[in-house]
Amino acid sequence: MKDYFSKHYAIVNRIDALDTDAMQHWYKEQAVYYTRELQPYIGEFKESTILEIGCGIGGILYFLKEQGANKLQGIDISAEQIAVANKYVAVNAETCDAFDFLSNTQVKYDIIIMYDLIEHIPKNRILELIEQLFNALKDGGRVITRTPNMASISGLHSRYIDITHETGFTPESIKQAFLQSPFSSITVHNSYLGNKRMFAINCYQYFIKKLYNITLSEIVTPNLICIAKK
0 MKDYFSKHYA
10 IVNRIDALDT
20 DAMQHWYKEQ
30 AVYYTRELQP
40 YIGEFKESTI
50 LEIGCGIGGI
60 LYFLKEQGAN
70 KLQGIDISAE
80 QIAVANKYVA
90 VNAETCDAFD
100 FLSNTQVKYD
110 IIIMYDLIEH
120 IPKNRILELI
130 EQLFNALKDG
140 GRVITRTPNM
150 ASISGLHSRY
160 IDITHETGFT
170 PESIKQAFLQ
180 SPFSSITVHN
190 SYLGNKRMFA
200 INCYQYFIKK
210 LYNITLSEIV
220 TPNLICIAKK
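Sequence positions in the sequence shown follow numbering that gives the first Met the number 0 and run 0 to 229.
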């Protein structure tokens, strides 16, 4: 979609795209957040070959670069977002379709990151994408995927906040999709929310389970994180 950053992402995330200081502050805030959420799953990555698919304006690339990663590649279908990423992050990022890139790349990656991307893929192409991800990994490599959690209390809002969203995932269905390719392990986790918020949501879940006598997902955060290892 044309002007995805200025006509959607910046609005939803309250980013003043015209203020350089505000933009730089946003990148620094994101780096703090990713230290809490992404760092536990990415391990020691400074010498890793890393691809981010759907890198947007480069928040994760900024975090990785600041932490010393030097083998980074970002792609996104939005030329506007790539222009912003290259301006503020100065990293290797290009406008490209994920399927085309994965079909043509000769590089094998230690880590492939897909944050807030898989929900934009048409359902009939999701398994194709996951197979391409598997093929693009080195042995022992991993795919780290974040997507809105349809099992959370905010699932419907997350599903329909963006008209380019094609589908939604629960912890069960994201695992089902990745199981169609021969990954050695697939795990699903809560995204970072903070201890106080997690406690409040768990209390809410407990009362709903008791009230309706139903089983609810243990993955309760607005987003879920899926780690698939080759």
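We put the beta carbon where it would ideally sit given N, CA and C, even for glycine.
Here the alpha carbon of Ile129 sits roughly 22 angstroms from the alpha carbon of Gly57.
In terms of Cα proximity to Thr220, the closest of Ser153, Ala227, Gln23, Gln179 is Ser153. Of the candidates Val187, Glu46, Gly55, Gly55 places its Cα closest to the Cα of Tyr114. With a cut-off of 8 angstroms on Cβ pairs, the region 166-184 is not in contact with the region 196-203, counting fewer than three such pairs.
From the listed residues Phe62, His119, His188, the smallest Cα separation to Tyr3 is found for His119. In the structure shown, Ala150 adopts coil according to DSSP, grouped into three states.
Contact between the region 143-150 and the region 100-117 is established, with three or more Cβ pairs separated by less than 8 angstroms. By the C-beta density criterion, Leu210 is exposed, having fewer than 16 other C-beta atoms within 10 angstroms. Proximity to Gln72 across His24, Asp109, Pro39 peaks at Asp109, based on C-alpha coordinates.
Lys137 carries a strand assignment under DSSP once its states are collapsed to helix, strand and coil. The beta carbons of Lys229 and Phe100 sit no closer together than 9 angstroms. 9 angstroms or more divides the Cβ of Pro170 from the Cβ of Ile111.
Per DSSP, Ala30 is one residue of the alpha helix (DSSP H) stretching across 19-36.
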